[in-house]
Amino acid sequence: MQKGYQKVEYKNIPLFKDVTDAQWNDWKWQLKNAIRDIPTLEKVIKLTNEERDHLAKTLKKFKMAITPYYAALMDKEDRHCPVRLMAVPTLSELHVDESDLSDPLHEDIDAPVPGLTHRYPDRALLMVTHECSMYCRHCTRRRIVGEPDLNTGLGHLEQAFEYIRKTPEIRDVLLSGGDPLIFSDERIDYILGELRKIEHVEIIRIGTRMPVVLPQRITDNLCNVIRKHHPVYVNTHFNHPKEITEEAKIACEKLADAGIRVGNQSVLLKDVNDCSNIMKKLMHEILRIRVIPYYIYQCDLSEGISHFRTTISKGIEIIENLRGHTSGLAVPTFVVDAPGGGGKIPVMPDYLVSQTEKRVVLRNYEGVLTTYTQPSDYKGHNPENCEYCHDQNLVAKDGIAKLLNGEGTSLQPENLRRINRHTK
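To convert a position in the sequence shown, counted from 1, into the working numbering, add 2.
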């Protein structure tokens, strides 16, 4: 019989000693009572004079919000507690590294209307709110998260819906923010309903950290609202095994029971999870609560989070220690979300050693070298007789895939110096 998970203990924390179970389990109470200042935080964890001073300086620039539930996960004494590192501001956030960027992923630049990023051909990112239940210290959108929702009302959404209606290649819409599940069930129902009215929108996804930082938000009614608009997928954001609790398990199982596939997108964070064994344990634990490992992200180049960054080689090392050493189901894809709007680039260890027309040499996780004999009579796929190759909604029209499809012979950057030399 599998071991269970511990429920979060909060009665032994002075700030919450008079809180009733009904209040604690009410997600609206959790939102209303988020920790936003130093005196309140000190009723949960111990702060040194230096930490208190650093916090005061950091809060002049960046906001803090920690749900009571997530605050109760923090170690009261340990300054290196991984949950604490992700929740409590530090002076390191005021350091601006030379590589820092305000909008590293070009989400604003690639926005045809406010709040909607259309970068990939067949999908769009719709930021429905700037608000979150808590402000993660490693947030890539700290330039906007926590700001008043001046441009994210119904007018902003209507502009986005209209753009999507007029852009038939968009078949997949990801709702993000902020956190979309901070809205009421009625508002979520409205947004999902409007998207579902658009015939060419096949898939709706929701990016949320609620199962991790506020699992009380995942109510039966919310699951029923989402269920109405299937297919809807949810991606959440567990970063450390300490975040796996009985409450998180119940939340994720409610979503799964409602037919909602839940994926996980971890961010590789220095001193939090930059360890192959921590990541392996995390992947095993989220699978136990019916969450599928999806991505491990290299930490972005956003301003104020350089202290969380690791080398890319650390991510490759982690994948090397997962692939073959555990179930393939437990191995996410390690990606770098390329600065400048280049999108997600998968990075992995080299398993292809060499190749000829006849054979491919591969290595496995043990270092064993093996060969695969290529078929000598393979002529390739004939697109002339393939109905799918004649469907222009499926044929790739950009990048390397375009070249492989026989359209053009090269791709080259703009303002290439050797070309400019000949055109002047």
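Beta carbons are placed, not taken as given, at the ideal position from N, Cα and C, and that holds for glycine.
What would DSSP say about residue 129, mapped onto helix, strand or coil? strand
Contacts around residue 99, its chain only, beta-carbon distance under 6 Å, and the 5 residues preceding and following it disregarded: 308
C-beta contact flag for residue 102 and residue 304 at 8 Å: yes
Out of 311, 316, 324, 332, which has the shortest C-alpha to C-alpha gap to residue 292? 332
Going by the CB atoms, is the gap between residue 361 and residue 375 shorter than 8 Å? yes
Buried or exposed, going by whether 16 or more other CB atoms sit within 10 Å of the CB of residue 275? buried
Which two residues bound the contiguous alpha helix (DSSP H) that contains residue 346? Residue 346 -> not in any alpha helix (DSSP H); beta strand (DSSP E) instead, spanning 345–348.
Using DSSP with H/G/I as helix, E/B as strand and the rest coil, what is residue 143? coil
Can you tell me whether residue 342 is helix, strand or coil according to DSSP? coil
Would you check if the stretch 406–413 and the stretch 176–192 touch, i.e. whether three or more CB-CB distances between them fall below 8 Å? no
Cut-off 7 Å between Cβ atoms - residues of its own chain near residue 404, not counting five sequence neighbours on either side: 398, 410
Please classify residue 262: is it buried, with 16 or more other beta-carbons within 10 angstroms of its beta-carbon, or exposed? buried
Residue range of the unbroken alpha helix (DSSP H) whose run includes residue 278: 278–290
For residue 358, name the three-state secondary structure that DSSP assigns. coil
C-beta atoms of residue 225 and residue 250 nearer than 8 Å: no
Residue 157: which of 115, 144, 119 sits nearest, CA to CA? 115
Using the rule of at least 16 other Cβ atoms within 10 Å of the residue's Cβ for burial, across every protein chain shown, is residue 302 buried or exposed? buried
Consult DSSP for residue 235 and reduce its assignment to one of helix, strand or coil. strand
For residue 28 and residue 364, what's the separation of their Cα atoms in angstroms? 54 Å
Given a cut-off of 8 Å on the beta-carbon distance, is the pair residue 336 and residue 355 in contact? no
Candidates 272, 264, 311: closest to residue 297 by CA position: 264
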